[in-house]
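Q:
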Amino acid sequence: MTTLVFGHKSPDTDSTGSPIIWAWYLNQIKNTAAEAVLLGEPNTEAAFVLERWKLDKPRIIDSVAADTPVVIVDTNNPGELPEDINAADIQGIIDHHKLVGGLETKGPIDIRIEPLACTATIMWKMIGKHMAQAPENIKGAMLSCILSDTLEFRSPTTTQEDRAIAEDLAKDLGIDIPDYAAEMFAAKSDVSAFSDAELLRMDSKTYEVGGKTFRVSVLETTSPGTVLDRKASLMQTMPKVAEEDGADQVLLFVVDILKEEATMLVPNDLTKGVAEKSFATVVGDADQVVLPGIVSRKKQIIPNLAV
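Throughout, my numbering is defined as the position within the sequence shown, counted from one, plus 1415.
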């Protein structure tokens, strides 16, 4: 039976590339039939990476049949996975996020969770000497995942291992990291084809804080103005998305990759209170607030959220 490999819903570059990397490893090195799949359309940066490295876009699924063998990557949160995930035969988890709990397995499994910036970094270490057999497009996917998750080493989640492995891959591929990262971020910044609701869900995760459920959305871009020009319509759409997704509120952070700061939209008193209590700032009557140095949801936004 073919093992399905997938990451979280609203797949970014790491949750698109890492399933492809691990499926290659299972198929070619471990002689285990495997298929990379996605839990939604990849974002614009991930789509660019697929095209740049001539990788086929994995098929998209929304459920998993009972007893299907699966490997979960780039998440361990049941809320980011198919509702029927615990009916599957979970055989492995590879992740770099905090342990959430709630997944059930049918027996002992392999779990690898490390405090690194990217799942692909962990995979590079796990694949080890067999990386010598990896084709160029697999190495390219791996490099892309690391550059995306580290924001080209700007994110505070970046470790020396992430940087060293990315630099090693870039040297092997003959890639100039600043030039290639600029191409990736330009692709990520082109959101003109997406509706407001799609933007709010594009890179979004749900968290509960102080009895409130928030959909925390982050848009990383080198052109924040193109998003903030849509501020009024985005703020009108936020309550609808929150209601449809069972959340009390959407929190939107527009991360300026180059300036290394985030702009948080403040449409109401709840978001105003969250901004002021979480980030030691004063919003006043403004409908947005700039948060200098804030670029990482995992390390800087989520741990500080307060109501």
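Every residue, glycine too, gets a C-beta built ideally from N, C-alpha and C. Being a predicted model, the structure only gives us computed values, none of them experimental.
Among residues of its own chain, excluding the 5 on either side of Pro1497, which ones have a beta-carbon nearer than 6 angstroms to its beta-carbon?
A: Once the five neighbours on either side are set aside, the close Cβ partners of Pro1497 are Ser1478, Val1479.
Q: I'd like the ranges of any alpha helix (DSSP H) spanning at least 4 consecutive residues and lying wholly in the segment 1654–1711.
A: The qualifying runs are 1684–1694.
Q: Please state whether DSSP places Arg1645 in a helix, a strand or coil.
A: Three-state DSSP puts Arg1645 in coil, outside helix and strand.
Q: Helix, strand or coil: which one does DSSP assign to Lys1469?
A: Looking at Lys1469 - three-state DSSP - the assignment turns out to be coil, as it is neither helix nor strand.
Q: Ignore the nearest five residues each way along the sequence and tell me which others in Leu1584's own chain have a CB closer than 7 angstroms to its CB.
A: Lys1554, Met1557, Leu1558, listed in sequence order.
Q: For Pro1639, count neighbouring Cβ atoms within 10 angstroms of its own Cβ and tell me buried if that reaches 16, exposed if not.
A: So Pro1639 counts as buried.
Q: Near Ile1537, which residues of its chain fall below 7 angstroms by C-beta distance, leaving aside the five closest residues on each side in sequence?
A: Within the same chain, Ile1537 has close Cβ partners Ile1509, His1511, Arg1527, Glu1529, Leu1531.
Q: Give the DSSP-derived three-state secondary structure of Arg1569 in the structure shown.
A: The answer is coil: DSSP assigns Arg1569 none of H, G, I, E or B.
Q: Could you check which residue in Lys1586, Arg1616, Thr1417, Leu1643 has the C-alpha nearest to that of Val1705?
A: With distances taken between Cα atoms, Val1705 lies closest to Leu1643.
Q: Please name the residue, chosen from Glu1456, Ala1481, Met1416, that lies closest to Glu1450 on a Cα-to-Cα basis.
A: Checked all of Glu1456, Ala1481, Met1416; the closest Cα to Glu1450 is Met1416.
Q: Out of Asp1660, Gln1715, Met1650, Gly1507, point me to the one whose CA is closest to Leu1441's CA.
A: Per the Cα distances, Gly1507.
Q: Considering only C-alpha positions, which residue in the set Leu1465, Gly1494, Phe1694 is nearest to Glu1551?
A: Here the closest residue by C-alpha is Leu1465.
Q: Three or more beta-carbon pairs under 8 angstroms between the segment 1704–1722 and the segment 1645–1662, yes or no?
A: As far as the Cβ criterion goes, the segment 1704–1722 does not touch the segment 1645–1662, which means the pair count is below three.
Q: I'd like the span of the beta strand (DSSP E) that includes Gly1432, first residue to last.
A: It is not in any beta strand (DSSP E) - Gly1432 instead sits in the alpha helix (DSSP H) that spans 1428–1439.
Q: Checking 7 angstroms against the spacing of the C-beta atoms, do Ser1570 and Val1488 come in under that value?
A: The answer is no: Cβ separation not under 7 angstroms.
Q: In terms of residue numbering, what span does the alpha helix (DSSP H) encompassing Phe1609 cover?
A: Here Phe1609 belongs to no alpha helix (DSSP H), and DSSP marks it neither H nor E.
Q: Between the beta-carbon of Leu1566 and the beta-carbon of Ile1672, is there less than 7 angstroms?
A: Contact: yes.
Q: My assumption, with CB atoms under 8 angstroms, is that Val1669 sits in contact with Ala1677. Please give the rounded CB distance.
A: Correct: roughly 7 angstroms between the Cβ atoms.
Q: One question on the structure: do Arg1630 and Asp1660 come within less than 7 angstroms of each other, judged by their Cβ atoms?
A: Result yes, Cβ atoms of Arg1630 and Asp1660 sit closer than 7 angstroms.
Q: With a cut-off of 8 angstroms, do at least 3 Cβ pairs link the segment 1678–1696 to the segment 1581–1596?
A: No: the two stretches stay apart, fewer than three of their Cβ pairs being nearer than 8 angstroms.
Q: Kindly indicate which residue of Lys1424, Lys1655, Ser1430 has the alpha-carbon position closest to the one of Cys1533.
A: Closest option to Cys1533, Cα to Cα, is Ser1430.
Q: Spell out the partners DSSP gives Val1631 in its beta bridges.
A: Note: Val1631 sits in a beta bridge opposite Lys1620, Leu1666.
Q: In the DSSP assignment, what residue or residues form a beta bridge with Phe1463?
A: For Phe1463, which the question treats as bridged, DSSP gives no partner whatsoever.
Q: Output the distance between the C-alpha atoms of Ala1701 and Asp1499, rounded to the nearest integer angstrom.
A: Rounded to whole angstroms, Ala1701 to Asp1499 spans 43 angstroms at the Cα level.
Q: So what does DSSP say about Gly1522, is it helix, strand or coil?
A: Coil at Gly1522, not helix or strand.
Q: Ordered along the chain, which non-local residues of its own chain (more than five positions away) have a Cβ less than 7 angstroms from that of Gly1455?
A: So the qualifying residues of the chain are Lys1424, Ser1425, Pro1426, Ile1475.
Q: Counting only the same chain and skipping the five closest in sequence on each side, list residues whose C-beta sits under 7 angstroms from that of Ser1693.
A: Asn1719, Leu1720, Ala1721.
Q: On the criterion of 16 or more Cβ atoms from any shown chain inside 10 Å, does Arg1515 qualify as buried, or is it exposed?
A: For the record, residue 1515 in the displayed sequence is Val; it is not Arg. Per the 10 Å Cβ criterion, exposed.
Q: Using a threshold of 7 angstroms, state whether the C-beta atoms of Ser1795 and Leu1615 are closer than that.
A: The displayed coordinates of the chain run from 1416 to 1722. Any statement about residue 1795 would go beyond what the structure contains.
Q: Taking the straight line between their C-alpha atoms, what separation do you get for Ala1608 and Ala1461?
A: Each residue's alpha carbon lies about 15 angstroms from the other.
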